[in-house]
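Chemist: By the working numbering, the letter at position 265 of the sequence shown is numbered 417, and the numbering carries on one by one without gaps. Backbone N, C-alpha and C define an ideal beta-carbon position, used for all residues, glycine too. Provided herewith is a single structure, encoded as structure tokens, for subsequent inquiry.
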Amino acid sequence: MNILATENKALITLFGATGDLAKRKLYTSLFKLYQKGYLADHFALLGTSRHELSDDEFEKMVLDSIKDIPAKDGEAEAFAKHFFYCAHDVTKPEHYVKLKDRLAELDKQFGTEGNRLFYMSMAPQFFGTIAINLKKQGLITDKGYNRLVIEKPFGRDFDSAKKLNDELSQTFEENQIFRIDHYLGKEMVQNIQALRFGNPIIEALWNNRYIDNIQVTLSEKLGVEERAGYYDKSGALRDMLQNHIMQVVAQLAMEEPVAFTDDDVRVEKIKALRSLRVYTPSEAAANFVRGQYDAGNGTNAYRNEDGVDPESGTETFVAAKLMFDNYRWSGVPFYVRTGKKLADKFTRIDVVFKKPLIDIFANPDAKNQNLASNVLTIYVEPKSGFALQLNAKHVGQGYTTEPVDLQFLQSDSAKKESPEPYERLFHDALEGNHTNFASWAEIAYAWKFVDVIRNLWDIEKPSFPNYVPGSMGPAAADELLARDGRKWVYRLNR
Ligand SMILES: NC(=O)C1=CN([C@@H]2O[C@H](COP(=O)(O)OP(=O)(O)OC[C@H]3O[C@@H](n4cnc5c(N)ncnc54)[C@H](OP(=O)(O)O)[C@@H]3O)[C@@H](O)[C@H]2O)C=CC1
Ligand SMILES: O=C1O[C@H](COP(=O)(O)O)[C@@H](O)[C@H](O)[C@H]1O
Numbered sequence: 153m154n155i156l157a158t159e160n161k162a163l164i165t166l167f168g169a170t171g172d173l174a175k176r177k178l179y180t181s182l183f184k185l186y187q188k189g190y191l192a193d194h195f196a197l198l199g200t201s202r203h204e205l206s207d208d209e210f211e212k213m214v215l216d217s218i219k220d221i222p223a224k225d226g227e228a229e230a231f232a233k234h235f236f237y238c239a240h241d242v243t244k245p246e247h248y249v250k251l252k253d254r255l256a257e258l259d260k261q262f263g264t265e266g267n268r269l270f271y272m273s274m275a276p277q278f279f280g281t282i283a284i285n286l287k288k289q290g291l292i293t294d295k296g297y298n299r300l301v302i303e304k305p306f307g308r309d310f311d312s313a314k315k316l317n318d319e320l321s322q323t324f325e326e327n328q329i330f331r332i333d334h335y336l337g338k339e340m341v342q343n344i345q346a347l348r349f350g351n352p353i354i355e356a357l358w359n360n361r362y363i364d365n366i367q368v369t370l371s372e373k374l375g376v377e378e379r380a381g382y383y384d385k386s387g388a389l390r391d392m393l394q395n396h397i398m399q400v401v402a403q404l405a406m407e408e409p410v411a412f413t414d415d416d417v418r419v420e421k422i423k424a425l426r427s428l429r430v431y432t433p434s435e436a437a438a439n440f441v442r443g444q445y446d447a448g449n450g451t452n453a454y455r456n457e458d459g460v461d462p463e464s465g466t467e468t469f470v471a472a473k474l475m476f477d478n479y480r481w482s483g484v485p486f487y488v489r490t491g492k493k494l495a496d497k498f499t500r501i502d503v504v505f506k507k508p509l510i511d512i513f514a515n516p517d518a519k520n521q522n523l524a525s526n527v528l529t530i531y532v533e534p535k536s537g538f539a540l541q542l543n544a545k546h547v548g549q550g551y552t553t554e555p556v557d558l559q560f561l562q563s564d565s566a567k568k569e570s571p572e573p574y575e576r577l578f579h580d581a582l583e584g585n586h587t588n589f590a591s592w593a594e595i596a597y598a599w600k601f602v603d604v605i606r607n608l609w610d611i612e613k614p615s616f617p618n619y620v621p622g623s624m625g626p627a628a629a630d631e632l633l634a635r636d637g638r639k640w641v642y643r644l645n646r
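So this is what it looks like as structure tokens:
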């Protein structure tokens, strides 16, 4: 129990309560909030799905999900007593009546003061229907708050995202909607703002006078695993770039907010994304690279994975060059990439600074005497911290320079203490804090940017597969930088 924790009184309705996400992430996150005192006596969760389950069976399912979390005697059982279940098909309006009655009872029983949080952990085609029925069937309260937490993906393109947003808006105001992007719940992604706006020596250099380029890499070692059904229709562009990468980039590109409040942060992220250059189709073709993994290193090619179309044209890798047309970033490329079956699992941001205009240490008689670029690396995962690569004199006779690192890495114990993204985001939604959720305007700008290349790729047949598992993607991703005279900071020797 954290003595500074304030209890959140809330009645949570979870759509998709028997699903993978609920079992793997949501119950564990809620349990951790309970252990720390953010949830206590005045909370209850009503789980729903089409499955027929009794309250006892649901309680057992929740206990099973949290069984690996160290707990005091009786703590898990006491927590599970806050869980209830109601079989429900979200497409059947008449089923909402039962739900409504059950919620009214639980509200009374647990003293949740009319605070309702509806969490949609279901396939996205149901999001709009649920929101509309919540209002029509009277599940929205006029006492306390009504909040909607919504999982990804938010649409497949701008038009479908807008349609979904219009449906949600029939019931919920923008300030009641919490669109999950779990990258915004990661410690080091949240740290970007502290690093930038808490350190004048960083912020003073954070512009096109001093920064040459910024690189964002979200690299995955695993392949598509059991999610082929979803992934083969999505691809890396929709699955990772449109949401996670764009959110990270927005935090790197935004101006300093007036204050560190959710509204002020949102305003600046939206402004940044508004200045992102939306390419013409031919510019998009030149500034995006797609890839799909082949067989190799003892693993299947993507096209031979279970559930994948053997002729699939879905990309499992994407790299892109983004340009912002604004005063701060004019001329500075943001190179981004993500993919499955790459060399390793990690997320990092490399901020590459410009070299001095004149290198007084350059020695024309010796090789490799040029000054290296200063690079600020933000390690998001698996290690968390920062490193700043500077140039220093090589120890010894003569005068040569070499790059050295100033490094801060979080200790293992600090990392253990740090909440998982879903724990943080659940807590923020209970508190009504939007800082780490994506607003509709951000999502809309991101889709408009992505739609150009998606429309092109949907009609042009790719020449796949084009990269081997264990690499950092297709050679074209290196060429994307090489044509600008640059290299990825993190690269393997080919
Ligand atoms: N799993 C993950 O790692 C991640 C998931 N997400 C997102 O989270 C959401 C949920 O994903 P996930 O848990 O994997 O999905 P699952 O397919 O595992 O679960 C779907 C849930 O919805 C229920 N359901 C399906 N149809 C209906 C219906 N008509 N009425 C009521 N309930 C229904 C299912 O139960 P039943 O069939 O019994 O009705 C089940 O509980 C998706 O939006 C996904 O994109 C996001 C990031 C990661
Ligand atoms: O949203 C998603 O993210 C995961 C990667 O998340 P991470 O926290 O493990 O980096 C990705 O595997 C999945 O395809 C995607 O839907």
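Short check: CB of Pro409 to CB of Glu420, under 8 Å?
Modeler: What you label residue 409 is simply residue 257 of the sequence shown in a count that begins at 1. What you label residue 420 is simply residue 268 of the sequence shown in a count that begins at 1. Going by C-beta atoms, Pro409 is nearer than 8 Å to Glu420.
Chemist: Output the boundary residues of the beta strand (DSSP E) element that contains Arg331.
Modeler: Looking up residue 331 in the sequence shown gives position 179. Looking at the DSSP string, the run of the beta strand (DSSP E) that includes Arg331 is 329-331.
Chemist: Could you tell me whether the segment 361-378 touches the segment 557-574, where touching means 3 or more Cβ pairs closer than 8 Å?
Modeler: Touching, no, given that fewer than three Cβ pairs across the two stretches are closer than 8 Å.
Chemist: Could you tell me whether the segment 249-261 touches the segment 279-292, using the rule of 3 or more Cβ pairs below 8 Å?
Modeler: Flag = yes, the segment 249-261 and the segment 279-292 touch.
Chemist: Once DSSP output is grouped into helix, strand and coil, what is the label at Ile344?
Modeler: In the sequence shown, residue 344 corresponds to position 192, counting from 1. Ile344 falls in the helix class under three-state DSSP.
Chemist: Comparing the CB of Arg242 with every heavy atom of ligand 1, is any distance shorter than 7 Å?
Modeler: Position 90 of the sequence shown holds residue 242. Before going further, note that residue 242 is Val rather than Arg in the sequence given. Checking the Cβ of Val242 against ligand 1 gives yes.
Chemist: Would the beta-carbon of Thr468 fall within 8 Å of that of Tyr454?
Modeler: Residue numbering aside, residue 468 sits at position 316 when the sequence shown is read from its first letter. Residue numbering aside, residue 454 sits at position 302 when the sequence shown is read from its first letter. Taking 8 Å as the Cβ cut-off, Thr468 and Tyr454 qualify as a contacting pair.
Chemist: Whole angstroms is fine: what's the gap from Ile221's alpha carbon to Ile366's?
Modeler: As a working mapping, residue 221 is identified with position 69 in the sequence shown. As a working mapping, residue 366 is identified with position 214 in the sequence shown. Distance between the alpha carbons of Ile221 and Ile366 is about 38 Å.
Chemist: Does the segment 508-528 come close enough to the segment 473-493 that 3 or more CB-CB pairs lie under 8 Å?
Modeler: They do not touch, by the three-pair rule.
Chemist: Does DSSP put Asn285 in a helix, a strand or coil?
Modeler: The residue you call residue 285 lines up with position 133 of the sequence shown. DSSP places Asn285 in helix when its eight states are reduced to three.
Chemist: What is the DSSP secondary structure of Leu644, reduced to helix, strand or coil?
Modeler: The residue you call residue 644 lines up with position 492 of the sequence shown. Note: Leu644 maps to coil in three-state DSSP.
Chemist: Taking the continuous beta strand (DSSP E) assigned at Met272, which residues delimit it?
Modeler: By 1-based counting over the sequence shown, the position of residue 272 is 120. 268-272 is the span of the beta strand (DSSP E), which, as asked, contains Met272.
Chemist: Tell me, please, which residues DSSP counts as bridged to Pro555.
Modeler: The residue given as residue 555 occupies position 403 in the sequence shown. For Pro555, which the question treats as bridged, DSSP gives the partners Asn543.
Chemist: Tell me whether Glu303, by its Cβ, gets closer than 7 Å to a heavy atom of ligand 1.
Modeler: The residue labelled residue 303 in the question sits at position 151 within the sequence shown. Checking the Cβ of Glu303 against ligand 1 gives yes.
Chemist: Reducing DSSP to helix, strand and coil, say where Tyr431 ends up.
Modeler: What you label residue 431 is simply residue 279 of the sequence shown in a count that begins at 1. Here Tyr431 sits in coil by DSSP.
Chemist: Does any heavy atom of ligand 1 sit closer than 7 Å to the C-beta of Ala174?
Modeler: Residue numbering aside, residue 174 sits at position 22 when the sequence shown is read from its first letter. Yes; taking the cut-off as 7 Å, the Cβ of Ala174 has a heavy atom of ligand 1 nearer than that.
Chemist: Could you tell me whether the segment 443-451 touches the segment 615-631, where touching means 3 or more Cβ pairs closer than 8 Å?
Modeler: Touching, yes, given that three or more Cβ pairs across the two stretches are closer than 8 Å.
Chemist: Going by C-alpha to C-alpha distance, which of Tyr551, Thr490, Phe498 sits closest to Asp517?
Modeler: On the sequence shown, position 365 is the one that residue 517 refers to. When each option's Cα is compared against that of Asp517, the closest is Tyr551.
Chemist: Helix, strand or coil for Tyr487? Go by DSSP, reduced to three states.
Modeler: In the sequence shown, the residue the question calls residue 487 occupies position 335. Correct three-state label for Tyr487: strand.
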